[in-house]
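**Q** This is the structure, below, for whatever I ask next.
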């Protein structure tokens, strides 16, 4: 009986630790990217995410894109120095994905942005106002959420439209 | 509204199996190896079925390519308890693998045996790792899969046509097997359009469908002289 109680207490403590860890874990990004500053400087989404008008994916910017503007220091920010360091060492950014559709979902950026004329923020939220990298998804991209919008915009809700 | 259908000219078909190979490559169909294959668990979305006529020594063997028939009255969809397989508006019998619970009612119900159960986690030789098609999801163990008339190609074709501001042309959407056929024995198109090739061929004298007496109304037509 005593052993059981001790085990129970240890179990409860472990569960709390795991829950706590799950809540506080942060997605580490290689760079503290500030969307807001870039937007204010007049940089458009497509300059860093170049493919969303032609492809299924939008593309994440890498050192070669960043260095086009940041070859010489633009600000005093130490984060900016990291870009040139990465570039000098020939390394690439390994961004952690925040929004990623599972394999059984067919999602096309082109279809939504070009054909349906949707805005980035319709799905991604006011991302251009973020000053720090997101630690978790702002929008929960569930199937229900997709289907509600499809119903509202009179797009097809046939399973085969997204699942192949 | 389109109603997609296929015509296979058996008088032109040389049974070279190019359609089978093209389908395996296009749809990420797992290769399961000789031992499991001997148990009859090979997955083929399109397969050459032997049709033997006459008695020895006057035997005539014909090989008939058999994809999913995409029936207008599909027996498989009626038994699915979770709506994982259904007939969509354009006449394609869909199979939503992620929804499938693997009960295999549909594999039993299908008179053409075109539905395949995944007995194993899909595997490929290491050399093929980079060759998988990104547009087609990889099935998991314990779900049923089948021919979709390469529906991912329709999605892409439609997207392309709309981006270019034009209507979908017949040559935009062609499944991999039809595209690969070296003898030009396979046709694909809209059966609702009375002037499309498939629609005209399906009304031809030589046209017939498999197991027509079942009333499943398949949308895959065969052409053959004297069969």
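Chains as they are written, first to last, in this note's numbering: chain U, 1 to 164; chain P, 1 to 227.
Cβ atoms here follow ideal geometry from the backbone N, Cα and C, with glycine treated the same way.
Small disclaimer: the values here were computed from a predicted structure and weren't measured.
1. What three-state label does DSSP hand residue 51 of chain U in the structure shown?
2. Kindly say whether residue 162 of chain P, judged by its beta-carbon, lies nearer than 7 angstroms to any beta-carbon of chain U.
3. For chain U, find out if any of its Cβ atoms is closer than 7 angstroms to the Cβ of residue 138 of chain P; answer yes or no.
4. What residues match up with residue 66 of chain P in a beta bridge as DSSP calls it?
5. With distances taken between CB atoms, is the gap from residue 216 of chain P to residue 71 of chain P smaller than 7 angstroms?
6. Pull up the distance between the alpha-carbon of residue 126 of chain U and that of residue 143 of chain U, whole angstroms please.
7. So, does the segment 21-32 of chain P touch the segment 171-186 of chain P, judging by three or more C-beta pairs under 8 angstroms?
8. In terms of alpha-carbon separation, which member of P:9, P:135 and P:190 lies closest to residue 62 of chain P?
9. Are three or more beta carbon pairs between the segment 37-46 of chain P and the segment 208-227 of chain P nearer than 8 angstroms?
10. Going along the chain, which residues of its own chain have a beta-carbon closer than 6 angstroms to the beta-carbon of residue 208 of chain P, five neighbours each way excluded?
11. Among residues of its own chain, excluding the 5 on either side of residue 129 of chain U, which ones have a beta-carbon nearer than 6 angstroms to its beta-carbon?
12. Taking only beta-carbon atoms, is residue 97 of chain U less than 7 angstroms away from chain P?
13. Could you tell me the boundaries of the beta strand (DSSP E) in which residue 8 of chain P lies?
14. Quick test of the definition: if touching needs 3 or more C-beta pairs under 8 angstroms, does the segment 56-70 of chain U touch the segment 140-152 of chain P?
15. Please specify which runs of the beta strand (DSSP E), each continuous and at least 3 residues long, are wholly inside the segment 149-192 of chain P, giving them in chain order.
16. Count the other CB atoms, across all protein chains shown, that sit within 10 Å of the CB of residue 10 of chain U; report buried if there are 16 or more and exposed otherwise.
17. So for residue 46 of chain U, helix, strand or coil by DSSP?
18. So which residues on chain U does residue 94 of chain P lean against when the C-beta distance must stay under 7 angstroms?
19. Quick one: what does DSSP say residue 67 of chain U is sitting in, helix, strand or coil?
20. Quick one: which chain U residues come within Cβ less than 7 angstroms of residue 155 of chain P?
21. Considering only residues of the same chain and omitting the five flanking positions on each side of residue 34 of chain U, which have a CB-CB separation below 6 angstroms?
22. Please state if the CB of residue 14 of chain P and the CB of residue 180 of chain P are separated by a distance shorter than 7 angstroms.
23. Give the residues of chain U in contact with residue 98 of chain P, contact being defined as C-beta atoms less than 7 angstroms apart.
24. Going by DSSP, name the residue or residues bridged to residue 117 of chain P.
25. Compare the C-beta of residue 114 of chain U against all C-beta atoms of chain P and say whether one is closer than 7 angstroms.
26. Might you give, ordered along the chain, the residues of its own chain that have their beta carbon closer than 8 angstroms to the beta carbon of residue 202 of chain P, omitting 5 neighbours on each side?
27. Tell me, please, whether the CB atom of residue 133 of chain P is closer than 7 angstroms to any CB atom in chain U?
28. Run the CB neighbour count on residue 111 of chain U, radius 10 Å, all protein chains shown included, and call it buried at 16 or more, exposed below.
29. Within 7 angstroms (strictly less), CB to CB, does residue 159 of chain P reach chain U?
30. Anyone know if the C-beta pair for residue 105 of chain P and residue 94 of chain P falls short of 7 angstroms?
31. To be precise: take each residue of the segment 31-54 of chain P, compare its Cβ to all Cβ atoms of chain U, and keep it if any distance is under 7 angstroms. Which residues remain?
32. Buried or exposed: residue 138 of chain U, going by 16 or more other Cβ atoms within 10 Å of its Cβ?
33. Which two residues bound the contiguous beta strand (DSSP E) that contains residue 94 of chain P?
**A** Taking the structure as given:
1. coil
2. yes
3. yes
4. P:47
5. yes
6. 21 angstroms
7. yes
8. P:9
9. no
10. 222
11. 36
12. no
13. 4-9
14. no
15. 186-190
16. exposed
17. helix
18. 159 and 160
19. helix
20. 106
21. 131
22. no
23. 104 and 163
24. P:144
25. yes
26. 5, 7, 191 and 221
27. no
28. buried
29. yes
30. no
31. none
32. exposed
33. 93-95
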